[in-house]
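Structure, as structure tokens:
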Amino acid sequence: MNPEDDEDVSHYVNVVGPLRHRPERKEKHGLVKVVTVNLPNGFGMKTDEEDECDFPEVVKGGRRVVCAVGSFEALSGGMIDCLPSKMLADTGATLSLVDTKVLKRLGRASEPLKPYDGLVRSSSGHRLRIRGWMVLPIRLGSLEITMSLLVADQLHCDAILGVDALGAFGAVIDVAERTMTLKSTQEVLALGVTVVQETYMTAVAVSVRLPPRGQALVMTNVIGEAADDATVLVEGSLGLPPTLCVARTLCTVQKGQVIVEVCNASTDEYWIKKGTVVASTAVIPESAFASSPQPDERSPENEKQSAGNAEGKPEAVRSVTEERKERTEEKVKASKPDIPPDKGAEADFSDSKLSSEQKALFQDELNDFRDLFVESSKKPGRTDLLKFETDTGDNRPIKQQPYRVSGEEGEVMEAKVEEYLDLGLIRPSNSPWASPVLMIRKPDGGIRFCIDYRRLNAVTVKDCYPMPLIDDILDVLGDARLFSTMDIASGYWNVPMHENSVAKTAFTCKYGLYEWLVMPFGLCNAVPAFERLMETVLVDLKWRVCLVYLDDCVIFSKDFPSHLIRVRQVLTRFRQAGFKLKMKKCHWGRSQVAFLSHIVTPTGILPNPEKVEAVMNVQMPCDVHGIRSFLGLTS
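Encoded structure:
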């Protein structure tokens with residue numbers, strides 16, 4: 001998108017496709033009339049029943065203008081593919097659109113979209129990013145229509161019903177009564193009274209350089225006619241590279257410009273050229289910041305509206321809180337006894353001192369990231385930010401013979417090899433490298449599957465990336481009051497191996513030769529590589545929002561509202577990185593947590609009782625050897 005695109009867009013087209021009816025069918029919730037809408041083939045659809053016709057267009061300077069998103073009216077009671085959705089009836093939109101987030105909720109985000117190369121503009125003149133189009137069923141009241149929808153990013157609503165959809169539904173809008181009537185069924189649907197603010201894209205005003213793992217405040221131009229002194233919510237554009245992050249903040253428009261904080265999470269410098277779109281800005285209405293009326297200003301109506309707002313919280317904040325609580329209660333009521341809940345995303349608040357309402361809000365926040373949590377560490381994610389390499393220089397391949405194992409150890413070895421093959425972590429190998437498998441007996445009597453990479457590590461060029469000092473981490477946590485800890489499921493296995501280094505990870509055992517497709521445990525550079533990856537993912541959040549030590553992450557804050565925001569920030573980064581979390585190892589909203597062998601509390605840092613138990617229960621030394629062992633333990 002370029003700021004200089006300012007051609008005349010005052011002429012728009014009205015496209016309504018012919019209707020094709022199907023017999024009425026019955027569903028659980030009553031009689032549903034189904035209509036299929038087919039747009040002309042210029043939109044990417046052909047049918048045998050209609051004559052082929054070109055898609056109407058207005059050509060301006062070699063560009064097509066096919067849509068103008070204008071007057072918004074909130075529409076209640078709509079569904080997209082059986083999913084309750086917030087839709088807008090827009091008489092200024094030529095075509096209908098659906099947001100990409102709806103496809104994610106429907107589980108259809110991975111489905112290929114039909115290409116669409118038309119130019120779609122909003123009423124403010126900026127272009128909307130269209131990914132393509134697909135066919136989806138839409139229901140209003142008891143009438144369902146299957147039609148083609150453009151798939152767009154960042155609509156700030158689930159779908160926009162343009163004149164094509166409104167015409168197909170036979171909608172008659174009564175502006176005075178704020179209702180919409182469906183002619184075929186004579187159903188009357190209520191229209192909301194809140195005007196939905198539009199989104200304006202912002203482009204870099206002057207080319208700027210971002211240092212490696214650095215950040216900068218970038219001046220951007222608002223593309224559109226956003227009023228000066230307007231408060232806007234700034235969010236990163238979906239078209240940015242994955243290594244560029246934009247801080248989600250509230251800013252004020254000054255002379256058509258806003259300041260955007262951009263972070264470069266890569267290890268290379270990055271230049272953002274002038275005119276590059278980096279963020280979207282949504283205007284926040286003044287009513288969102290209006291507090292409840294003063295006692296002498298209250299009318300009977302105001303008293304009713306502020307009954308649940310005794311703390312004087314802004315109306316917008318209170319409504320969001322209530323809406324989240326209602327959504328959580330609805331989800332609990334809708335769950336059926338014969339369908340087990342998804343334990344992978346069910347948080348354990350047993351050791352938390354949060355109130356019931358705070359726990360509900362916390363769980364509702366975690367439900368938005370249900371895809372991140374797995375019940376077993378055997379289902380790791382897979383990041384695309386790093387491919388692990390092992391540099392052995394000019395050294396020749398090292399081949400070792402397999403170690404002998406007992407019968408019991410052999411059974412465990414065979415089971416592990418089969419498990420890793422099924423999970424896609426390893427594959428049979430023809431590598432000239434071979435490191436032996438070493439079966440280690442655990443303190444509880446179990447057997448651990450390990451690989452002896454000592455000779456491979458001896459010829460590997462070492463990575464000297466520093467680990468954070470534990471004392472520095474504990475110092476930062478000193479003033480916090482609320483903590484949450486997260487654990488990456490099988491952290492190393494989230495990192496794929498570079499194809500050039502896969503052969504070097506080969507291990508040999510009595511069942512054959514295999515090589516790793518993910519970063520295995522035991523390689524000397526695995527620790528610094530994973531620490532670098534974690535710090536890259538959380539580059540602008542570390543030390544301010546959270547702390548990370550390998551696969552352990554702790555989020556800290558002084559109050560509950562900021563804690564929820566920080567949890568969402570970190571979970572969003574983990575989702576973008578492709579990580580998976582193990583819920584039973586995560587702890588949420590606690591006043592004290594165990595981290596790095598210490599107990600972190602608001603009053604100070606304490607030693608972990610589990611770690612000092614061995615010292616407290618040590619036996620009295622009775623000879624020289626025992627005294628030397630005791631001195632070695634305590635020194």
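In the UniProt record's numbering, the protein residues as written are 1 to 635.
Backbone N, C-alpha and C fix where the C-beta goes; we use that ideal spot for every residue, glycine too.
- Message: Tell me which residues share the same chain as Gln-358 and place their Cβ nearer than 8 Å to its Cβ, disregarding the 5 neighbours each side in the sequence.
- Response: To locate residue 358, count along the sequence shown from 1; it is residue 358. Only Phe-560 and Gly-589 meet the Cβ criterion.
- Message: If distances are taken between C-alpha atoms only, which option among Lys-580, Cys-450 and Thr-281 comes closest to Thr-508?
- Response: Indexing the sequence shown from 1 puts residue 508 at position 508. Out of Lys-580, Cys-450 and Thr-281, the CA that lies nearest to the CA of Thr-508 is found in Cys-450.
- Message: With H, G and I counted as helix, E and B as strand and the rest as coil, what does DSSP make of Leu-230?
- Response: Translated into the one-based positions of the sequence shown, residue 230 becomes position 230. According to the sequence as given, residue 230 is Ala; it is not Leu. When secondary structure is reduced to three states using DSSP, Ala-230 falls in the coil class, being assigned neither helix nor strand.
- Tell me the start and end of each unbroken beta strand (DSSP E) in the stretch 541–620 that is at least 3 residues and wholly inside, in chain order. The stretch 541–620 contains these whole beta strand (DSSP E) runs: 546–549, 552–557, 587–590, 593–595, 598–601 and 604–607.
- Put Glu-409 into one of helix, strand or coil per three-state DSSP. Here residue 409 refers to the residue found at position 409 when the sequence shown is read from its first residue. Assigned with DSSP and collapsed to three states, Glu-409 falls in helix.
- Figure out for me which residue from Val-253, Gln-363, Lys-387 and Asp-99 has the closest Cα to the Cα of Trp-516. Position 516 of the sequence shown, counting from 1, holds the residue named residue 516. Out of Val-253, Gln-363, Lys-387 and Asp-99, Lys-387 has the C-alpha closest to the C-alpha of Trp-516.
- Could you tell me the boundaries of the alpha helix (DSSP H) in which Ser-356 lies? Residue mapping note: residue 356 aligns to position 356 of the sequence shown, counting from 1. Its alpha helix (DSSP H) spans residues 356–367.
- Give the DSSP-derived three-state secondary structure of Leu-240 in the structure shown. Within the sequence shown, residue 240 is the residue found at index 240, counting from 1. For Leu-240, the secondary structure class from DSSP, reduced to helix, strand or coil, is coil.
- Query: Mind checking whether Val-151 and Arg-131 have CB atoms under 8 Å apart?
  - Reply: Within the sequence shown, numbered from 1, the residue matching residue 151 stands at position 151. Within the sequence shown, numbered from 1, the residue matching residue 131 stands at position 131. The Cβ atoms of Val-151 and Arg-131 lie closer than 8 Å to each other.
- Message: Please list the terminal residues of the continuous alpha helix (DSSP H) segment that includes Asp-471.
- Response: As a first step, residue 471 is located in the sequence shown; it is residue number 471 there, counting from the start. Note, Asp-471: alpha helix (DSSP H), 470–476.
- Query: Is Val-258 closer than 8 Å to residue 662 when the C-beta atoms are compared?
  - Reply: No answer is possible for residue 662: it lies beyond the span of the chain, which begins at 1 and ends at 635.
- For Tyr-200: DSSP bridge partner residues: Here residue 200 refers to the residue found at position 200 of the sequence shown. Thr-281.
- Assign Arg-628 to one of three DSSP states: helix, strand, or coil. The residue you call residue 628 lines up with position 628 of the sequence shown. Helix at Arg-628.
- Within its chain, find whatever has a CB closer than 6 Å to the CB of Arg-455; leave out the 5 residues flanking it on each side and keep chain order. As a position in the sequence shown, residue 455 is number 455, starting the count at 1. A distance below 6 Å between beta-carbons, with the five flanking residues on each side excluded, links Arg-455 to the following residues of its chain, in chain order: Ile-398.
- Is there contact between the stretch 162–169 and the stretch 89–106, where contact requires at least three CB pairs shorter than 8 Å? With a cut-off of 8 Å, the stretch 89–106 and the stretch 162–169 count as touching, because enough Cβ pairs lie within range.
- Query: Applying the criterion that 16 or more other CB atoms from any shown protein chain within 10 Å of the CB defines a buried residue, is Leu-633 buried or exposed?
  - Reply: The sequence position of residue 633 within the sequence shown is 633, counting from 1. It is exposed - the Cβ of Leu-633 has fewer than 16 other Cβ atoms within 10 Å.
- To the nearest angstrom, report how far apart Phe-521 and Leu-372 are at their CA atoms. Counting from 1 along the sequence shown, the entry for residue 521 is found at position 521. Counting from 1 along the sequence shown, the entry for residue 372 is found at position 372. Phe-521 and Leu-372 have their C-alpha atoms spaced approximately 23 Å apart.
- Message: Between Cys-622, Thr-603 and Phe-630, which has its C-alpha nearest residue 636's C-alpha?
- Response: Any question about residue 636 goes unanswered here, given that the chain covers just 1 to 635.
- Item | Backbone CA spacing between Lys-462 and Cys-524 [nearest angstrom] | Against the sequence shown, residue 462 aligns to sequence position 462. Against the sequence shown, residue 524 aligns to sequence position 524. Rounded to whole angstroms, Lys-462 to Cys-524 spans 7 Å at the Cα level.
- Among Ala-506, Cys-263, Glu-365 and Pro-496, which one has its Cα closest to the Cα of residue 636? A query on residue 636 cannot be resolved here, the shown segment of the chain reaching from 1 to 635 and no further.
- Query: Hey, is the stretch 244–260 in contact with the stretch 171–188, meaning 3+ C-beta pairs nearer than 8 Å?
  - Reply: In the pairwise beta carbon analysis, the stretch 244–260 is classified as not touching the stretch 171–188: fewer than three pairs are separated by under 8 Å.
- Query: Which first and last residues belong to the beta strand (DSSP E) in which Arg-209 is found?
  - Reply: Taking the sequence shown and counting its residues from 1, one reaches residue 209 at position 209. Unbroken beta strand (DSSP E) run through Arg-209: 208–210.
- Message: Does Lys-274 come out as helix, strand or coil in the three-state DSSP assignment?
- Response: The residue given as residue 274 occupies position 274 in the sequence shown. In the structure shown, the three-state DSSP call for Lys-274 is coil.
- Message: Taking the alpha carbon of Pro-432 as the reference point, which residue from Leu-482, Tyr-514 and Leu-143 has its own alpha carbon closest?
- Response: In the sequence shown, residue 432 corresponds to position 432, counting from 1. The residue with the shortest Cα to Cα distance from Pro-432 is Tyr-514.
- Return the CA-CA distance between Ile-605 and Gly-478, expressed in angstroms with no decimal places. Along the sequence shown, read from residue 1 onward, the residue named residue 605 stands at position 605. Along the sequence shown, read from residue 1 onward, the residue named residue 478 stands at position 478. Spanning the two alpha carbons is a distance of roughly 7 Å.
- Under the rule that 16 or more other beta-carbon atoms within 10 Å means buried, what is Gly-626, buried or exposed? Walking along the sequence shown from the start, residue 626 turns up at place 626. Classification for Gly-626: exposed.
- So is Arg-566 buried or exposed if we call it buried at 16+ other beta carbons inside 10 Å? Sequence index remark: in the sequence shown, residue 566 carries index 566 (1-based). Buried.
- Query: Hey, quick one: how far does the beta strand (DSSP E) through Asp-164 stretch, first residue to last?
  - Reply: What you label residue 164 is simply residue 164 of the sequence shown in a count that begins at 1. Premise fails: Asp-164 lies in the alpha helix (DSSP H), 163–169, not in any beta strand (DSSP E).
- Task: Give the DSSP bridge partners of Ile-259, in chain order.
- Result: As a first step, residue 259 must be located in the sequence shown, where it is residue number 259. According to DSSP, which records beta bridges pairwise, Ile-259 is partnered with Met-219.
- Item | Inter-residue spacing [alpha-carbon to alpha-carbon] between Leu-421 and Pro-496 | Along the sequence shown, read from residue 1 onward, the residue named residue 421 stands at position 421. Along the sequence shown, read from residue 1 onward, the residue named residue 496 stands at position 496. Leu-421 and Pro-496 have their C-alpha atoms roughly 15 Å apart.
- Query: Assuming Lys-104 and Met-134 make a contact with CB atoms under 8 Å, what is their CB distance in whole Å?
  - Reply: Within the sequence shown, numbered from 1, the residue matching residue 104 stands at position 104. Within the sequence shown, numbered from 1, the residue matching residue 134 stands at position 134. Contact annotation, Lys-104 with Met-134: C-beta distance approximately 13 Å; criterion of less than 8 Å not satisfied.
- 6 Å CB neighbourhood of Thr-536 in its chain, flanking five on each side removed: Taking the first residue of the sequence shown as 1, we reach residue 536 at position 536. Within its own chain, the residues whose Cβ lies closer than 6 Å to the Cβ of Thr-536, once the five positions on either side in sequence are excluded, are Ala-265, listed in chain order.
- Alpha-carbon spacing of Leu-571 relative to Gly-512, whole angstroms: Counting from one through the sequence shown, the residue named residue 571 turns up at place 571. Counting from one through the sequence shown, the residue named residue 512 turns up at place 512. Distance from the CA atom of Leu-571 to the CA atom of Gly-512, rounded to whole angstroms, is 40 Å.
- Pick from Ser-557, Ala-434, Thr-383 and Gln-400: whose alpha carbon is nearest that of Trp-493? What you label residue 493 is simply residue 493 of the sequence shown in a count that begins at 1. Of Ser-557, Ala-434, Thr-383 and Gln-400, the smallest CA-CA separation from Trp-493 is found for Thr-383.
- Which of the three DSSP states, helix, strand or coil, is assigned to Phe-521? Working through the sequence shown from its first residue, we reach residue 521 at position 521. Coil.
- Tell me, please, which residues DSSP counts as bridged to Met-180. The residue labelled residue 180 in the question sits at position 180 within the sequence shown. Per DSSP, Ile-173 and Leu-189.
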